[in-house]
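One structure is given here, and the rest of the page talks about it.
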Amino acid sequence: MLAEVDLWTDLAGISLKNPVLLASGTAGYGVELSGLMDLSRLGGIVIKSVTIEPCTGNPEPRIWETTGGMLNSIGLENIGVDALADEVLPLISDFGVPVFASIAGDTVRNFARLAARLESAGGLAGLEVNVSCPNVEKGGIQFGSDAGATAAVVTAVRENCGLPMFVKLSAAVTDIARIAEAAARAGAAGLSLINTIPGMAIDPVSRRPRLGMVTGGLSGPAIKPVALKSVWECYKATSLPIIGGGGICDENDVIEFLLAGAAAVSVGTATFQDPDSAIKILDELPAAILRAGSNSVIRLVGSLRTS
Amino acid sequence: MADVSSPAGRLFEATLQDVRQVASDTFALEFEASAGNQLPAPGQFYQVRCGGDREHMLRRPFSVHFAEVSVGGMKLGFLVENVGWGTGWLSSLSGGERVNMLGPLGNGFTLPSAGKSMLVSGGIGVAPLLYAARELDASGRAYDMLAGFKTAARVIDRLGDLTGGVEIYTDDGSSGSVGMVSEGVAGSLGRSYDVVLTCGPEAMMAEVAALCEAVGISCQVSLDTRMACGIGSCRGCVKKGARGSNLCVCTEGPVFDSFEVAWRA
């Protein structure tokens, strides 16, 4: 019976009424979508990555559609942590949905500063720590491509902020499970998988790259197989609660991520196709759970059959 | 103050009532949407779902070339030039299909309450200016339209029913006057216009903007760019502005004062 399906899930002690979240970078600050859908129906939203100072982002063009997804080189354009904390977070707390802020630092210290500032602002359920950022103190190598750098960020954030922290990892590494283990040992509450995958597109007539920054991040259905594998590997390696996403378009995709080990899922690129995608997915989710032979989200998490 | 807000546009389904070819590779699609949808202003646009499923995820933005209240609610007209997958899908519809749209979005042209306007278009950029012209006709305000096309086969056959004067320019002279439409602008700006509204390729709009600046006439341009969200959240449509600030085309535009735009040399 559809009415008896329990959509409740737990993310490191954060109780969510259902596992469907909006992914960072695809839902702005939530405000932009608030007139188009009832955000309070969602399990949560992860808002746009914020930096210490406001950031104007990359030169255009910043997006390009690809088969099964899109490339973006937005460049972390955001209003800065002060404007977020002082002006936007008070608006978002009225939406009646758990809000996770995503923080993007260029140094370990700046990650810690961001975390502390946002905790003091109040109103957040947790943090998503975007380690797919260049570490300016180490020649621009991404934090998330190095276990030690990831651990340093997690440690610094934990020392300066009590909010549950979900580390957003990139699959463009040799062994994502090793990075996940380092994050777990350093005290991360959970993981968010996966960030976009590096890619590019070219105009065969003008000979120019389609993106102003030449390369960008690929998202959408094309990356779903990579995202599922990442979730499965990290779940086996750490048992940390996972927010899993990458190309989720319908309720069946959600089930796949839950089975691989995600306790919650993030819907991203699909929101550009239909702003109410996450709601439509949520409406169809109980039936999908029944088709998988269960009546609860929690019982599906990590129950992939491999024998 | 951080400028974060929810756009006024709605998500709705519109039914295709009529498809008509109006030029080579260009079609006029007329939709009807139910009551409860607000009429767009000239220059506003809709993010249209072009049937892409998982292969083609993004909506395509289109400005309306006409919109009016109807018995069933509201009629919306779009001009679609078949240049890619999404526009190809739309222009191959035959009628009766329901198409999902998000809108009206963005800020339209500011039409002057008095005086004379010059409307300058290049190619498919004629669409929002057609709507602006109809709006000016409806309220008895004067304008001249200069519409540039590559060649005769590309000239949209919707210009005949306008009250205002329309001059056609074609690159090859196969219809109307030969030359770039901006050459026509240069020749005409001497007559007194209060404002110039323009939409078309960026190089054309840059020239028109420069001509207007030289004689001190206000110029509004309609920028075109790829879009993902269309509602100001993804920042994918952002272009760098003239004063170093960002222009978010879908929420702050698509219409901008020409001085705001950093025209590429």
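Taken in order, these protein sequences are the chains called A and B.
Residue 1 is where the first sequence starts when you use the working numbering, and the numbers rise one by one after that.
Residue 308 is where the second sequence starts when you use the working numbering, and the numbers rise one by one after that.
Where is the CB? At the ideal position from N, CA and C, for every residue including glycine.
Quick check on DSSP: helix, strand or coil for residue i?
| i | result |
| --- | --- |
| Q142/A | strand |
| E309/A | Lying before the first or after the last residue shown, residue 309/A is absent from chain A, which here runs from 1 to 307. |
| P349/B | coil |
| A449/B | strand |
| S40/A | helix |
| T271/A | helix |
| M512/B | helix |
| G190/A | strand |
| S277/A | helix |
| C519/B | helix |
| C234/A | helix |
| L437/B | helix |
| R291/A | helix |
| V301/A | coil |
| V309/A | A query on residue 309/A cannot be resolved here, the shown segment of chain A reaching from 1 to 307 and no further. |
| F416/B | coil |
| V562/B | strand |
| P368/B | strand |
| I179/A | helix |
| E53/A | coil |
| S206/A | coil |
| S93/A | helix |
| I243/A | strand |
Using a C-beta cutoff of 9 Å, does residue i count as contacting chain A?
| i | result |
| --- | --- |
| A315/B | yes |
| G543/B | yes |
| T394/B | no |
| L412/B | no |
| N407/B | yes |
| A340/B | no |
| M534/B | yes |
| G359/B | yes |
| N389/B | no |
| K546/B | yes |
With 9 Å as the threshold, decide whether the Cβ of residue i is near any Cβ in chain B.
| i | result |
| --- | --- |
| D283/A | no |
| A104/A | no |
| M213/A | no |
| V88/A | yes |
| S132/A | no |
| P275/A | yes |
| T269/A | yes |
| K48/A | yes |
| L91/A | yes |
| P241/A | no |
| G220/A | yes |
| F272/A | yes |
| G217/A | no |
| G43/A | no |
| G126/A | no |
So who's on the other strand from residue i, going by DSSP bridges?
| i | result |
| --- | --- |
| K546/B | L554/B |
| P198/A | G217/A |
| T66/A | G69/A |
| M487/B | Answer is none; M487/B lacks a bridge partner. |
| T505/B | V427/B, V528/B |
| A101/A | L127/A |
| A330/B | T333/B |
| N110/A | DSSP output for N110/A lists no bridge partner at all. |
| F373/B | G384/B |
| E87/A | E87/A pairs with nothing; no bridge assigned. |
| N135/A | I141/A |
| V20/A | V265/A |
Short of 6 Å in beta carbon distance, which residues of its chain neighbour residue i, apart from the five on each side in sequence? Order them along the chain.
| i | result |
| --- | --- |
| G247/A | G220, P221, I223, K224 |
| G80/A | E53, P54 |
| S525/B | V502 |
Going along the chain, which residues of its own chain have a beta-carbon closer than 7 Å to the beta-carbon of residue i, five neighbours each way excluded?
| i | result |
| --- | --- |
| E60/A | G212 |
| L89/A | A121, G123 |
| C557/B | L412, G413, M534, G537, I538, G539, C544 |
| A23/A | V46, G245, S266, V267, G268 |
| N160/A | A112, A115, A116 |
| T532/B | C544, K546, V556 |
Near residue i, what residues of its chain come up, given a Cβ to Cβ distance below 8 Å and the 5 sequence neighbours on each side ignored?
| i | result |
| --- | --- |
| L16/A | W8, T9, D10, G43, G44, P98, A264 |
Going along chain E in order, which residues have a C-beta closer than 9 Å to the C-beta of residue i?
| i | result |
| --- | --- |
| N344/B | The structure shown contains no chain E; its protein chains are A and B. |
*Below 8 Å between beta carbons is the criterion; list the residues of the segment 198–209 of chain A that meet it against any residue of chain B, in chain order.*
The residues in question: there are none.
*Using Cβ-Cβ distances below 7 Å, what residues of the segment 227–239 of chain A are close to chain B?*
Per Cβ criterion, the list is empty.
*Along the segment 52–79 of chain A, what residues have a CB closer than 8 Å to any CB found in chain B?*
Cβ contacts with chain B: T56, G57, P59, E60, P61, R62, I63, W64, E65, T67, G68, G69, M70, N72, I74, E77, I79.
*Residues, ordered as in the chain, of the segment 5–38 of chain A that lie near chain B by beta-carbon distance below 9 Å*: For the segment 5–38 of chain A, which is checked against every Cβ of chain B, the residues closer than 9 Å are G25, T26, A27, G28, Y29, G30, V31, E32, L33, S34, G35, L36, M37.
*chain B contacts made by the segment 152–176 of chain A, where a contact means CB separation under 7 Å*: Contacts with chain B (Cβ-Cβ distance below 7 Å) from the segment 152–176 of chain A involve no residue at all.
*Which residues, taken in chain order from the segment 350–374 of chain B, show a beta carbon closer than 8 Å to some beta carbon of chain A?*
Listed by position along the chain: R356, G359, R361, E362, H363, M364, L365, R366.
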